[in-house]
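Novice: Just so we're aligned, residue -11 is where the sequence shown starts under our numbering, counting upward by one.
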Amino acid sequence: MSHYRKKDPKSKKRILIFAVPAAVLVIAAATAGAFLLRHGGAQETAAGAGEKTGNQTTEADLVWNGTAYNYNDHLSNYLFLGIDNREKAETRTGQANAGQADALYLLSWDRTTDDITVITIPRDTMTQIEVFGPDGESLGMTEDHISLSYAYGDGSHESCRLAQDAVSNLLYGLSIQGYCSINMDGLPVLTESVGGVTVTVPNDSLEAADPEFREGAQVTLNGENTETFVRYRDTKESQSALARMERQQEYIRAYGEAAKQRFAEDPGFITNLYGELEPYMVTNMGTDEFASVMQSLSAGSGSESWTVPGEGTEGKSYDEYHVDDNALYEKIIETFYEEAK
């Protein structure tokens, strides 16, 4: 039985599930560890082990293109997931029906500067994930869509941990300190929490379904049309998930601006939002940690965002996104490492 959505040639338009992770959106308003190289020719080591050449070992965590780097241990990394169901799944590991992680964002917070980096991971990214048999026994690692990593779990913390492991593996063993998943029923809560979100439509991927969403138009989203903006895609069109991802990123940006203003008016906004979202989310971040991160980030001096580099292709049955390993490795060094002194 296939556990991945197949493209449906009989349906020109179809709503697929997506939920924007709450904390990522709030964090946008305020705007470790070791890793092993998968491709040949690179010089790297686990953080802290040093780069060995003959009998000599440097103090650096890794060496890349002749330059020594150390991991920035002031960083805390959090994974945020949007799950394609309306309710928390009641299932068990191995059933592969917990829902898929249709949106994946890694947020890296520099606790010293309060700067943030938000990394978008396309849902169709092909990477190593752990799969399980129907009785919950591990069948080992296999290359598949990263969105499926969540599906093999229990629909709760185990699913989040499996997705966290898959993202960490994709990013060369990067340490991830926390996770937060939210299902699609949390979307209206997010938008209504700031009294509406005004977006600039980034592409024409939604215009055929709703002329209001023509490319370049400014539209104020509410609790009713937010779901269409961030979830809709035409599954007949190859790589429609990437066009949808651009809309999701615009929603994050616009929500962030609105949330920042809301927080300035009411510092209790974040704590209240956490409580309102709690029925729709699974997280290992407590209220205090959630609020502390958001409040610290509101004073940050800068923010960046980037998407895992790669190329979308058509597989035998499903769209796939293949990572550019060299480009990703360089972005990891740029984001998480500093030149050794």
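Here a beta-carbon is modelled for each residue, glycine too, at the ideal position from N, C-alpha and C. All values derive from a computational prediction rather than experimental measurement.
By the 10 Å Cβ neighbour count, where 16 or more other Cβ atoms means buried, how is residue 133 classified, buried or exposed?
Specialist: Mapped onto the sequence shown, residue 133 falls at position 145. Residue 133 is buried by the Cβ-count criterion.
Novice: In chain order, what residues of the same chain lie with their CB nearer than 7 Å to the CB of residue 210, ignoring the 5 residues before and after it?
Specialist: Locating residue 210 in the sequence shown gives position 222, where the first residue counts as 1. The answer, listed in chain order, is 179, 184.
Novice: Check whether the Cβ atoms of residue 293 and residue 237 lie closer than 9 Å to each other.
Specialist: The residue labelled residue 293 in the question sits at position 305 within the sequence shown. The residue labelled residue 237 in the question sits at position 249 within the sequence shown. A contact, by the Cβ cut-off of 9 Å.
Novice: In the DSSP assignment, find the alpha helix (DSSP H) that holds residue 229 and state where it starts and stops.
Specialist: As a working mapping, residue 229 is identified with position 241 in the sequence shown. Start and end: 228 to 253.
Novice: Distance check for residue 53 and residue 316, CA to CA, integer angstroms please.
Specialist: Residue numbering aside, residue 316 sits at position 328 when the sequence shown is read from its first letter. Residue numbering aside, residue 53 sits at position 65 when the sequence shown is read from its first letter. C-alpha separation (whole angstroms): 15 Å.
Novice: Curious, which full-length alpha helix (DSSP H) runs of at least 4 residues does the stretch 197 to 227 contain?
Specialist: The stretch 197 to 227 contains these whole alpha helix (DSSP H) runs: 214 to 219.
Novice: Under 7 Å Cβ to Cβ from residue 205, same chain only, skipping five residues before and after it: list those, please.
Specialist: For the purposes of this step, residue 205 is taken as the residue at position 217 of the sequence shown. Closer than 7 Å at Cβ, skipping near neighbours: 189.
Novice: Name the residue from 95, 143, 119 whose alpha carbon lies nearest to the alpha carbon of residue 73.
Specialist: Reading the sequence shown from its first residue, position 85 is the one you call residue 73. Ranking the options by Cα distance to residue 73, first place goes to 143.
Novice: Drop a sphere of 10 angstroms on the beta-carbon of residue 175, count the other beta-carbons inside from all chains shown, and report buried for 16 or more, exposed for fewer.
Specialist: Position 187 of the sequence shown, counting from 1, holds the residue named residue 175. Label assigned to residue 175: buried.
Novice: Taking residue 69 as part of the beta strand (DSSP E), name the residues at either end of that continuous run.
Specialist: As a working note, residue 69 is residue 81 in the sequence shown. Per DSSP, residue 69 belongs to the beta strand (DSSP E) from 63 to 71.
Novice: Kindly indicate which residue of 162, 151, 306 has the alpha-carbon position closest to the one of residue 223.
Specialist: Position 235 of the sequence shown holds residue 223. Among 162, 151, 306, the Cα nearest to that of residue 223 belongs to 306.
Novice: Using only CA atoms, which one of 116, 300, 267 lies nearest to residue 231?
Specialist: Working through the sequence shown from its first residue, we reach residue 231 at position 243. Of the listed residues, the one whose Cα sits closest to residue 231 is 300.
Novice: Classify residue 186: buried if its beta carbon has 16 or more other beta carbons within 10 angstroms, exposed otherwise.
Specialist: For the purposes of this step, residue 186 is taken as residue 198 along the sequence shown, with counting starting at 1. Its Cβ having fewer than 16 others within 10 Å, residue 186 is exposed.
Novice: Within a Cβ cutoff of 6 Å, which residues of the same chain sit near residue 100, ignoring the five residues on either side of it in sequence?
Specialist: For the purposes of this step, residue 100 is taken as residue 112 along the sequence shown, with counting starting at 1. Taken in chain order, the residues that qualify are 62.
Novice: Ignoring anything shorter than 3 residues or poking outside the stretch 108 to 153, list the beta strand (DSSP E) runs there in chain order.
Specialist: Counting only runs of 3 or more, we get 114 to 120, 126 to 133.
Novice: Please list the terminal residues of the continuous alpha helix (DSSP H) segment that includes residue 260.
Specialist: Working through the sequence shown from its first residue, we reach residue 260 at position 272. Residues 257 to 265.
Novice: Can you check the stretch 268 to 325 for any alpha helix (DSSP H) of at least 4 residues that lies completely inside it and give the ranges in chain order?
Specialist: You should have 275 to 285, 313 to 324.
Novice: Residue 151 and residue 67: beta carbons closer than 9 Å?
Specialist: As a first step, residue 151 is located in the sequence shown; it is residue number 163 there, counting from the start. As a first step, residue 67 is located in the sequence shown; it is residue number 79 there, counting from the start. Yes, they are a contact pair.
Novice: Could you give the distance in angstroms between the alpha-carbon of residue 334 and the alpha-carbon of residue 327?
Specialist: Only positions -11 to 329 of the chain appear in the structure, and residue 334 is not among them; the question remains open.
Novice: CA-CA distance, residue 97 and residue 321?
Specialist: To locate residue 97, count along the sequence shown from 1; it is residue 109. To locate residue 321, count along the sequence shown from 1; it is residue 333. Taking the straight line from one Cα to the other gives about 15 Å.
Novice: Taking only three categories from DSSP, how would you classify residue 188?
Specialist: For this step, residue 188 is matched to residue 200 along the sequence shown. Residue 188: strand per DSSP, three-state reduction.
Novice: Excluding sequence positions up to five away, which residues of its chain have a Cβ less than 8 Å from the Cβ of residue 60?
Specialist: The residue you call residue 60 lines up with position 72 of the sequence shown. Here the set comprises 20, 98, 324, 325, 326.
Novice: Anyone know if the C-beta pair for residue 47 and residue 58 falls short of 9 Å?
Specialist: Start at 1 with the first residue of the sequence shown, and residue 47 comes out as number 59. Start at 1 with the first residue of the sequence shown, and residue 58 comes out as number 70. Taking 9 Å as the Cβ cut-off, residue 47 and residue 58 qualify as a contacting pair.
Novice: So, helix, strand or coil for residue 166, using DSSP?
Specialist: Walking along the sequence shown from the start, residue 166 turns up at place 178. Strand.
Novice: Looking only at C-alpha atoms, which of 227, 182, 199 sits nearest to residue 249?
Specialist: For the purposes of this step, residue 249 is taken as the residue at position 261 of the sequence shown. Among 227, 182, 199, the Cα nearest to that of residue 249 belongs to 182.
Novice: Would you report the Cα separation of residue 258 and residue 304, rounded to the nearest angstrom?
Specialist: Position 270 of the sequence shown, counted from the first residue, corresponds to residue 258. Position 316 of the sequence shown, counted from the first residue, corresponds to residue 304. Each residue's Cα considered, the two are about 44 Å apart.
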